[in-house]
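Protein chains in written order, with my numbering: chain A, 1129 to 1398; chain B, 45 to 305.
In this text, a Cβ means the ideal position worked out from N, Cα and C, and glycines have one as well.
Since we're looking at a predicted model, the values are computed, not measured.
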Amino acid sequence: MVVLKKQDELVWKKRTTREQWINWFYWLIGISIVLFAWKIISDKTVWFFVQDAPRQAADIGSRMIPPKWSYSFELIEPVWDTINIATLGTVIAMIIAVPVAFCAARNTTPHSTVRIVALFIIVSSRSVNSLIWALMLVYILGPGVLAGTVAIGLRSIGFCAKLIYESIEEIDANQVEAVKATGASNLQQMIYGIIPQVLPTIAGVGIYRWDINIRESTILGLVGAGGIGLQLNGSINTLAWTQVSTILLVILATVFVSEWVSAKVRGAII
Amino acid sequence: MLKLENLTKRYNTGDLALQGIDLSIPGGQVLALIGPSGAGKSTLIRCINRLVEPTNGSAILNEVNLTKLSSRALRKSRRKMGMIFQEYALVERLTVMENVLSGRLGYVGFWKSFFRKFPKRDVNEAFRLLDRVGLLEMADKRADELSGGQRQRVGICRALIQDPDLLLVDEPTASLDPKTSRQIMRLINELCQERGLTAIINIHDVLLAQMFSQRIVGLALGNIVYDGSPEGLTPEVLTKIYGEEDWSATIEKVDDEYEEA
């Protein structure tokens, strides 16, 4: 924002003329880059296949109908596995994430070195996708539900700890100060002044992550880490399209239920 | 009873908030600290219980030099200093009872306080105090359900359950309407008299300060510029504390307010 004096009048504008030109110039560069990138992608695309896409999609679609309902009974166990992977993974993640968050928050960290370690844990957990964690863990722990659970857990630590530590940093310091003024120890200030303020966030984050993890754990089977993804992968490889559509419907139903549960629980906490 | 000697505070920003305060308060005295925003009133009372670390000087409460205490000994001394805050500073998501009992945290161990296992004596005292301020039926309500005046009463109970020798009161009425302000100030005053408490009350409102205190100290830019009786607040004195302004209305009203109160 600029305030200029022209003759005897004060003028208020968003930008000066010079800033305006610079602004246009940046837009020009930005749009040029987008168009150039578009051209590269377009050159490397085999348009023959793309033109064919609607017909292919319709073809696969028609093969999927009707879903093979009888197959859904075989899916009960994998769905149960999937839910267990997500739930256990979230529980493990939260048990680790809460202390990490308290070490990472500026106002509760015991020492700045501890804070750096905590932030490193958060970043490294967040930078690796759960599918990649699973891929590695299948080699380390062998294929199965355990690898999936640990993968989900490792991926969720960073996410949960980050959201929780940000909320710890935003608490009302007056409430903590008041508890401190009574002669309370540091730990007592924590349980009386800080935890009550962040408890809704901790619960909310846990539920939110569980909701995400239900969806994430449906694909972990693709790399052999247990759950319904295993059946999905097998069905696609054997071109059993009616089974694929059944699996997709079951996943949809599961996600729908988890969505409903988390909405209910969140409503109850806050 | 409380003695401040050359108490000085310089913030990291370089602001000299307190410029060597010397003040002596006998036991049982209710002292009002007035002065414009930024005069150092909040800093002064926070330097006493060391929520703010003073840069220099000493604060001596009952022969104990607070500024020299280790953190363990300081916690022990803080138990004898109750504090009441401007925005109440209740823990919003805890119940009224938990807030009041948090005044006993200095006396109760960690696990006992974690499981809310306070001694029967403390719980009885909490009920008695809540009854005294008229909030007994609110004991199990969450603090954020209360009105401003009610919250400040809970804040008062939290300070009193500490069984303090000294009450540090920071702008107790700044967020309250005029009527509630008076009620709260009267309550603090009565409780101080009942228990023979010494109190330092930071307050913006000159009228309330005159009505409810025995001694007034005026602070300007970190220095004491007035120390005397409530009656001694003349327009000249107020100008010295706050700067040039038409003070006639503030002074005149005093007598009317006394009648009404």
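query, result
"Residues that G1334 of chain A contacts on chain B, provided the C-beta gap is smaller than 9 Å", "Chain B residues near G1334 of chain A: none, gap ~17 Å exceeds 9 Å."
"Counted within 10 angstroms of its Cβ, other Cβ atoms place A1221 of chain A as buried (16 or more) or exposed", "buried"
"Rounded straight-line distance, which links the Cα of I1204 of chain A to that of T1366 of chain A", "20 Å"
"Chain-ordered chain A contacts of K43 of chain B [CB-CB under 7 Å]", "With chain B covering only 45 through 305, there is no way to say anything about residue 43 of chain B."
"Cβ neighbour criterion (16 or more within 10 Å) applied to S121 of chain B", "buried"
"Residue of B:R160, B:E131, B:F129 minimising C-alpha distance to T139 of chain B", "B:R160"
"Contacts of P1271 of chain A in chain B (Cβ-Cβ under 7 Å)", "Neighbours of P1271 of chain A on chain B: none; closest Cβ ~43 Å, over 7 Å."
"Cβ-Cβ distance between A133 of chain B and N1235 of chain A below 7 Å", "no"
"Assigned secondary structure, Y270 of chain B (DSSP; H/G/I helix, E/B strand, else coil)", "strand"
"Any C-beta of chain A under 7 Å from that of F308 of chain B", "The structure shown does not extend to residue 308 of chain B, since chain B is modelled only from 45 through 305, so no value can be given for it."
"Near-chain A residues of the stretch 113 to 126 of chain B - C-beta to any C-beta below 7 Å", "R119, K120, R122, R123"
"Three-pair Cβ contact test at 8 Å for the stretch 204 to 217 of chain B versus the stretch 260 to 268 of chain B", "no"
"Inside the stretch 1304 to 1385 of chain A only - alpha helix (DSSP H) runs reaching at least 4 residues", "1314 to 1317, 1323 to 1345, 1357 to 1365"
"Cβ separation of S1373 of chain A and M1192 of chain A, assumed to be a contact under 8 Å, to the nearest whole Å", "4 Å"
"Near-chain B residues of the stretch 1318 to 1351 of chain A (beta-carbon distance less than 8 Å), N- to C-terminal order", "I1319, Y1320, G1321, P1324, Q1325, L1327, P1328"
"Through-space distance from K1134 of chain A to T1145 of chain A, alpha-carbon basis", "14 Å"
"CA-to-CA distance, L1350 of chain A to L1358 of chain A, given in whole angstroms", "5 Å"
"Residue burial classification, L231 of chain B (beta-carbon count within 10 angstroms, cutoff 16)", "buried"
"Backbone CA spacing between A1275 of chain A and I1250 of chain A [nearest angstrom]", "20 Å"
"Contacting residues, own chain, Cβ-Cβ under 7 Å from I1159 of chain A (five flanking each side not counted)", "none"
"Where W291 of chain B sits in the DSSP three-state scheme", "coil"
"Span separating the alpha-carbon of A76 of chain B from that of K1308 of chain A", "24 Å"
"Bridge partner(s) assigned by DSSP for D214 of chain B", "B:N246"
"Under the three-state DSSP convention, the category L134 of chain B falls into", "coil"
"Check whether A183 of chain B and I128 of chain B have beta carbons under 7 Å apart", "no"
"Where the stretch 138 to 157 of chain B meets chain A: residues whose CB sits under 7 Å from a CB there", "L138, S146, G147, L149, G150, F154, S157"
"Secondary structure of M229 of chain B, DSSP reduced to three states", "helix"
"Contacting positions in the stretch 1295 to 1318 of chain A - beta carbon closer than 7 Å to chain B", "N1302, Q1303, E1305, A1306, V1307, K1308, A1309, T1310, G1311, A1312, S1313, L1315, Q1316"
"D175 of chain B: first and last residue of the uninterrupted alpha helix (DSSP H) it sits in", "164 to 176"
"In DSSP terms, what A76 of chain B is bridged to", "B:I245, B:I260"
"Alpha-carbon to alpha-carbon, L1376 of chain A and F1201 of chain A", "14 Å"
"Run of the beta strand (DSSP E) containing L1263 of chain A, from where it starts to where it stops", "First-last for L1263 of chain A: 1258 to 1269, but that is the alpha helix (DSSP H), not the beta strand (DSSP E)."
"Closest by C-alpha distance to L51 of chain B, when choosing among B:R90, B:G71, B:G82", "B:R90"
"Contact check, R1283 of chain A vs S1258 of chain A, beta carbons under 7 Å", "yes"
"Residues, ordered as in the chain, of the stretch 82 to 97 of chain B that lie near chain A by beta-carbon distance below 7 Å", "N93, L95"
"Residues near V1393 of chain A by beta carbon distance below 7 Å, same chain, minus five either side", "I1335"
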